[in-house]
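Student: A single structure is presented below for examination.
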Amino acid sequence: MFGLPLAFAAPAVLVALVGLGALYYLLRVTPPAPRRVQFPPLRLLLGLATHETEPARTPWPILALRLVIAAMIIVAMAQPLWRSLTALGGSGPLLVLIDDGWPAAPTFDKRVAFAREQAAAAARAGRVVALKPLSEAGRDVTPMNPGEIDGRLRALAPAPYVPAREAALPAIERFLAASPGADALWIADGVELGGAQAFAARPALARSVDVVLDGGGVRAVAGADNASGSLKARLVRTGAAAPAVGVARALDSQGREIGRAPFDFAAGAAVEARFDLPVELRNEAQRIVIDDERSAGATWLVDDRSRRRRVAIATGASADTAQPLVAPSYYLERALAPFADVAEWRDSASDPIVALLAEKPSVLALADMSVAPGPEHDAIERFLEGGGVLVRFAGARLAGGDDDLTPTALRRGGRTLGGALSWDTPRHVAPFDKDSPFFGLAVPDEVTVSRQVLAEPEPGLAGKTWARLADGTPLVTAERRGKGLIVLFHVTADTTWSNLPLSGLFVDMLRKVVAEADAPAAGGDRKGARSATVSLPPWRTLNGFGALGLPPPQAEPIGDAFADVGDAAHPPGLYGAPESLRAVNALAPGQTLAAADYGGLKPRVGALDAAPPLDLRAILLTLAVVGLMIDALVALWLGRGSGLRRGAVAALLIVAARGSAVPHRAQAADAPPGAHDMEAALLARLAYVSTGDATVDETSRLGLAALTRVLSSRTSAELGEPAAVDPARDELAFYPLIYWPIVADRPQPSPEVRARLAAYMKNGGTVLFDTRDALTAIPGGAPTPEGLWLRALLAGADVPALEPAPRDHVLTKTFYLLDRLVGRTAVGQTWVEALPPPDPNERVQRPVRAADSVSPIIIVSDDLAGGWAADADGHPLFPLVPGGPRQREFALRSGVNIVMYTLTGNYKADQVHAKDIIERLTR
Amino acid sequence: MTVPPSIRLEAADLSARLPSLILAARNVAQTVRHGVHGRRKAGSGESFWQFRPFLSGEPASRVDWRRSARGEHAYVREREWESAHTVWIWFERSASMRFGSNLAPVTKIDRAAVIALGFADLSVRSGERAGLLGMTRPLANSGVIESFAEAIASSERLHGPSDAPLPPPAPIGARSLVLLVGDFLGEPAETERTLRAIAAEGAVGELVMIVDPIEETYPFSGHVEFHHPVGALRLRTQQAQSLRDAYLARLAAHREELRRLCARLGWGLSLHRTDASPAEALLALRMRLATPAAGAYRSA
């Protein structure tokens, strides 16, 4: 609009701007509210005729402000959009094609947002819009209304596989043919997978399609190898556009990170990321993902097949390391090393099998060794019960020995084929049966067996046989024993009986045997279960973003031999029973990612990154509200005095201030608790217990403040502002005197508080309890609620014996000479720690008595704080009973005496004797 | 209005700064109350005035034998006639007095209280007795300010705030002095009726008009709605400035009317603006009451 990248979603609303003219006249004749002033001599004004001329006009700045506010609101209602001109040209129907395979997943939000904008822009321009995610092959393309399109796009999620684009072609071509002049917009993922080039070359599309690409490339994991020493993941990328540096992570089945491996593609398209981890951790890995690349392709699922097993090898032969080529363990080690971690016990002097089994291998290989009953035999039995696989190889010892850890009974001795004394030639290995685990392995011709141990013919021998020689004699037999498995090779593990250990078949056979270590113990059912028709149902599948979840309803089970990459029917994921899962990945091991070649089409690279259009509504409405606030303030300033407006402005200011006020409160709450104590420790001050009753607390505060003022003006005790303390929370040790007004209806403090209080009193503090019940208490009568409350409080504390303060108590002499302590009332009894009784033998009658220390507790009932409390001007807050300035003075003097008592202790008790002492000295 | 302590302090402070007030003697001739200042003539009192020869027919008990023994004639000891003057004080406490514009440091009622209480203290300290008209009896103790303040406070508690623009009818002794402090913005006729009633009791009076500066300067313009501090009385004007001249003329006329009334009664009238110092007003009062020529209108 006007060359600006500005558009309106509801331009019709702008017609309302015409109304501004009317508003102008309306506002112009509505004067501002008058100033309201109080004027006592109003009577003198009343008769004066006010010659009414024309009404006052609204000042033009206010008028302009209000018109601008109205205009802003109208424009905002028209839903202005900034930068919305990225819409396509053209006027026919628009078909939006979206690549929604996993390569699009990392940038899927951007793609969907772009598609929504384009669809919305086209809809605004009055074009028919249709949507075709390329994974929905079969569905016909039909135009939809903008709301439907938007809903579909919001609900769209990437598929965990790469859909074949060809499959979607018929529907697209039908639509394009049916709507001539249609334009197509292809939001492509830039990956050749799924036939991007062939798709782009279709003439139907080449005519009118506009390809939009994301600038970045795609990275994925294509293969993981649990090699010896480290777990290696093969990472691929489409090209240099994809970030070269990153981190791959290995996750376990719970999604916890096991290891990290940084990688750097440098200039290449593939790189290997190595996780250097202990084998136990490597075996835990279930997923390998690329950081910051959320897609099914960047997630490689690892199943049990790539788990490395620990194989322990024990031989009956004394180890001869000088001649490794004749040692059976040498061949075993070499054959097992590619897929398992081998542990070998070389020290034949000690108990090799028990020691090896203590390391908890999955497989125990015994090369020509007979196991006699004893600890070794028991250890192997336990190992088998626990699910271990025992692999035995025949040999002279086994053939001559006699043990029961074989799948089948063996004939003593053995059979020699093709030897010097035999007619036979060495036998070849027969092809494997269908129900053998070795089925599928190619049998090379050069493998020959010249000697073997023979099984006793017995029923069921055929079922136990996994491999046989060409003449039908068993070569490998196996038997389930508990959860475990015994596999017997009827030849040696070295080359003396056959050349099998030299062939690749030996490695493959051992691999199959070791893989049995984790196969579920299906017992006799194994034979049937091993057929090719076995189906593994999906257990967990990946979504397009690479997150494992429940499989979609259309996911189908895979067969045992399934080796493809994931597709719509078999989404990448984990199949089978949870204890033995089979992984299906989005990429094949070793696959590469090629960038797509769009042929004649000119892809717009990076168009997805264009900033989305800005909805100006929020800005305009905010400005309008600010304008209204200014208008309210101006009106307030002009009219000065309308309560309603003042309230409105106050509310606005409160709303504005809230944002900053709240964090401050929170900060205050977070302040270290030491600050309060620090302050208390630096300056002596009186303290009162905040009871939670606001009136009582305020009275305490004002009373102590008044007392503090009196103290600093009359005595040398210059104390700080009184502090409110919570005995449950605050450190009490800093306060010489704590005033505790008793409020009967407050809950009793916790036992910890009592303990702290007792500790405070024991350490020399004084608590001044004030029951404030002097007027309600009946001397000798039932205790008041306050009295009961105090009793309950002190029940747990270690309180000294108390007595009513005698007239000669030092408390009445510390600063002023008083008869008694008074407060707001003057009838209450004062209780202090009991003094030692006067000494009858004392020569002179002492005018004052004192204990050795300050009484830790003083209980009064005259509401002392009420007697002291005064406002800031020094005016008493409470009437006294019976009353009079004299009583107030005496109340303050009582307070001064109490404070002096707590600060100076029994010093004054000695001081009143000073005269006698001096006399005695001068005598 | 309860008198705030700051007012009390200010009043006491103010009266302490003024010299002691001796009222003109001419009005006290027939007041029989004892007081501390001598009337410069023989009468009942404490201090010696003169000896005069005994007149036959007098009771013999009047003879001062000590003096008479020194001569041949019998003498009578005369004492100076001492009497106290009674000052009745009243200040207006209506809502109109509670007004204080931003041109003035205090509200009118604060200033009125300072002047009234200060004058009371001044009078008591110079030996007069002062009473709060209609509230207290004449008091002569030094705590008169506190007593007055308490009386006002208790009256407010009992009867609520007083809104009377003029003093209540109360017994006033003849020859008493009455000090009325207020803004006297009510109808002049009513003011006259009240003043005449007081004058009829034989008292002389003194009026202090308290004025807020804004009432004199009328600095309003534009669209203004005036309203009275109490009641629904209000006036809205589009151009307040057009009323200024007429208002000032009316104000002058109103004051002139009051001044004529006071002149007729022989009372004094002074004007006090709240932006001026209260000491000025009190000093002027004291000067005028110390001289016999009370009653002239002057502005303080």
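Those sequence lines, one after another, are chains A and B.
When we follow this note's numbering, the leftmost residue of the first sequence carries the number -13, and every step to the right adds one.
When we follow this note's numbering, the leftmost residue of the second sequence carries the number 5, and every step to the right adds one.
For each residue, glycine too, the CB sits at the ideal point set by N, CA and C.
On a predicted model such as this, the values are computed, not experimentally measured, just so you know.
Considering only the beta carbon of each residue, do A/Tyr921 and A/Pro487 sit closer than 8 Å?
Tutor: One cannot answer for residue 921 of chain A here, as it falls past the ends of chain A, which runs -13 to 909.
Student: Using a Cβ-Cβ distance under 8 Å, would A/Asp859 count as near chain B?
Tutor: For A/Asp859, the nearest CB of chain B lies under 8 Å from its own CB, placing it at the interface with that chain.
Student: Does the Cβ of A/Asp970 have 16 or more other Cβ atoms within 10 Å, making it buried, or fewer, making it exposed?
Tutor: Residue 970 of chain A lies beyond the stretch modelled for chain A, which goes from -13 to 909, so this question has no answer here.
Student: Using a beta-carbon distance below 8 Å, is A/Gln24 in contact with chain B?
Tutor: yes
Student: Quick one: list the residues of chain B neighbouring A/Arg29, beta-carbon separation under 7 Å, in chain order.
Tutor: Leu189
Student: Residue range of the beta strand (DSSP E) that A/Thr301 falls in?
Tutor: Counting along the chain, the beta strand (DSSP E) containing A/Thr301 begins and ends at 295 to 301.
Student: Does the Cβ-Cβ distance between A/Thr93 and A/Gly202 come in under 8 Å?
Tutor: Here A/Thr93 is near A/Gly202, since their CB atoms are less than 8 Å apart.
Student: For a quick check, are the C-beta atoms of B/Asp216 and B/Ser105 less than 8 Å apart?
Tutor: It is a contact, given that the beta carbons lie within the stated cut-off.
Student: Name the chain A residues that come within less than 7 Å of B/Pro9, Cβ to Cβ?
Tutor: Asp859, His861
Student: Going by beta-carbon coordinates alone, are A/Ala(-5) and A/Arg110 separated by less than 8 Å?
Tutor: With respect to the 8 Å criterion, A/Ala(-5) and A/Arg110 are classified as neighbours on the basis of their beta carbons.
Student: State the CB to CB distance for the pair B/Phe188 and B/Leu162, rounded to an integer number of angstroms; the pair is presumed to be in contact (CB under 8 Å).
Tutor: In fact, because the Cβ distance is near 26 Å, the residues do not count as touching under 8 Å.
Student: Leaving out five residues on either side along the sequence, give the residues of the same chain with a beta carbon under 8 Å from the beta carbon of A/Gln734.
Tutor: Hits under 8 Å: Trp775, Ala778, Leu779.
Student: According to DSSP, simplified to helix, strand and coil, what is A/Thr800?
Tutor: coil
Student: Taking Cβ positions, are A/Pro208 and A/Gly562 nearer each other than 8 Å?
Tutor: Here residue 208 of chain A turns out to be Ala, not Pro, going by the sequence shown. Cβ atoms of A/Ala208 and A/Gly562: not closer than 8 Å.
Student: Who are the Cβ neighbours of A/Met63 in its own chain at under 6 Å, not counting the five residues just before and after it?
Tutor: These residues qualify, in order along the chain: Val(-1).
Student: Identify which residue in A/Ala321, A/Glu345, A/Val340, A/Pro314 has its Cα closest to the Cα of A/Ala329.
Tutor: A/Glu345
Student: In three-state terms, what does DSSP make of B/Met291?
Tutor: helix
Student: A/Ala760 and A/Val711: beta carbons closer than 8 Å?
Tutor: no
Student: Evaluate the contact criterion for the segment 20 to 32 of chain A versus the segment 225 to 239 of chain B: three or more CB pairs, one atom per stretch, below 8 Å.
Tutor: yes
Student: At which residues does the beta strand (DSSP E) containing B/Pro57 begin and terminate?
Tutor: 52 to 57
Student: Note the first and the last residue of the continuous beta strand (DSSP E) segment covering B/Glu62.
Tutor: Here B/Glu62 belongs to no beta strand (DSSP E), and DSSP marks it neither H nor E.
Student: Give the list of continuous beta strand (DSSP E) stretches no shorter than 3 residues that lie fully inside the segment 182 to 234 of chain B.
Tutor: 208 to 215, 228 to 231
Student: In whole angstroms, what is the alpha-carbon distance linking A/Gly750 and A/Thr816?
Tutor: 20 Å
Student: Quick check: is the beta carbon of B/Arg254 nearer than 8 Å to any beta carbon in chain A?
Tutor: Chain A contact via Cβ: present.
Student: Short check: CB of A/Leu80 to CB of A/Lys118, under 8 Å?
Tutor: no
Student: Return the chain-ordered ranges of every alpha helix (DSSP H) run that is complete within the segment 473 to 503 of chain A and spans a minimum of 4 residues.
Tutor: Within the segment 473 to 503 of chain A, the complete alpha helix (DSSP H) segments of 4 residues or longer fall at 490 to 501, listed in chain order.
Student: To the nearest angstrom, how far is it from the Cα of A/Ile59 to the Cα of A/Leu67?
Tutor: 15 Å
Student: Taking 6 Å as the limit between beta carbons, can you name the residues of its chain near A/Pro324, skipping five residues before and five after?
Tutor: Cβ neighbours of A/Pro324 within its own chain (closer than 6 Å, five residues either side excluded): none.
Student: Give me the chain A residues within the contact set of B/Leu126, using Cβ-Cβ distance strictly less than 7 Å, ordered along the chain.
Tutor: Within chain A, no residue comes near B/Leu126; the closest Cβ sits about 24 Å away, beyond 7 Å.
Student: Determine the direct distance from the alpha carbon of A/Gly689 to that of B/Gly272, and round the result to whole angstroms.
Tutor: 49 Å
Student: Which stretch, first to last residue, makes up the beta strand (DSSP E) that contains B/His276?
Tutor: 272 to 277
Student: Of the choices B/Leu143, B/Pro173, B/Ala117, B/Ile119, whose alpha-carbon is the least far from that of B/Arg129?
Tutor: Closest by alpha carbon: B/Leu143.
Student: Should A/Ala655 be labelled buried (16 or more other beta-carbon atoms within 10 Å of its own) or exposed?
Tutor: The pLDDT assigned to A/Ala655 is 41, lower than 50, so where the model puts this residue is not dependable, and the model offers no usable value.
Student: Please identify the residue among A/Ala145, A/Gly137, A/Arg29 whose C-alpha is closest to the C-alpha of A/Gly552.
Tutor: A/Ala145
Student: Assign A/Arg731 to one of three DSSP states: helix, strand, or coil.
Tutor: First, the amino acid is wrong: residue 731 of chain A is Asp here, not Arg. Three-state DSSP puts A/Asp731 in coil, outside helix and strand.
Student: How would you list, in chain order, the residues of chain C whose beta-carbon sits under 9 Å from the beta-carbon of A/Arg21?
Tutor: Absent from the structure is chain C; the protein chains it does hold are A and B.
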